[in-house]
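Colleague: The structure under discussion is supplied below as structure tokens; questions concerning it will follow.
Numbering (this note's numbering), first residue to last: 1 to 133.
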């Protein structure tokens, strides 16, 4: 049975979207993946879409979602380091990845964030596979 994981940020427009794409790719056999934001936003940041396309992951059909768009309870809740306290969302395990938001900066910042998220998702997949989560 797959573990449900939700990546949550403020706008669900960059970091949580990249994490969702990586987790769906790297953990497709063991994870059921969602992402959401605490506030509505009009688009996924073009820089995030661009840098994920560079590594072969297409996020062109992604759109920002709210917490109300994901399951009411998840196994694993990952916050992205948004500097705000997310509302309580029922989960079995929660952690914060403390990632800087590259929005508004150069494309290289998006690439750095993309690569950090990949490493963190690879670690998450390994821990779930090992039965640690």
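Glycine included, C-beta positions come from ideal geometry on N, C-alpha and C.
1) Would DSSP call residue 130 helix, strand or coil?
2) Counting C-beta neighbours from all protein chains within 10 Å, is the total for residue 47 16 or more, i.e. buried, or is it exposed?
3) If you follow the alpha helix (DSSP H) that residue 24 is part of, which residue opens it and which one closes it?
4) Quick one: Cα of residue 50 to Cα of residue 114, how far?
5) Since residue 75 and residue 125 are thought to touch, with beta carbons under 8 Å apart, how far apart are those beta carbons, to the nearest angstrom?
6) Rounded to a whole number of angstroms, what is the C-alpha to C-alpha distance between residue 52 and residue 17?
7) Just how far apart, CA to CA, sit residue 127 and residue 8?
8) Report all residues from its chain with a CB closer than 8 Å to the CB of residue 57; omit the five preceding and five following residues, and keep chain order.
9) Pull up the distance between the alpha-carbon of residue 123 and that of residue 42, whole angstroms please.
10) According to DSSP, is residue 38 helix, strand or coil?
Modeller: So, from the data block:
1) Residue 130: coil per DSSP, three-state reduction.
2) Classification for residue 47: buried.
3) Segment 15 to 26, the alpha helix (DSSP H) holding residue 24.
4) Here the alpha carbon of residue 50 sits roughly 11 Å from the alpha carbon of residue 114.
5) Contact flag wrong, Cβ pair sits at about 13 Å.
6) Rounded to whole angstroms, residue 52 and residue 17 show a C-alpha spacing of 10 Å.
7) Whole-angstrom Cα-Cα distance: 19 Å.
8) For residue 57, where only same-chain residues beyond five positions count, the Cβ hits under 8 Å are 21, 22, 25.
9) For residue 123 and residue 42, the distance between alpha carbons rounds to 31 Å.
10) In the three-state reduction of the DSSP assignment, residue 38 falls in the coil class.
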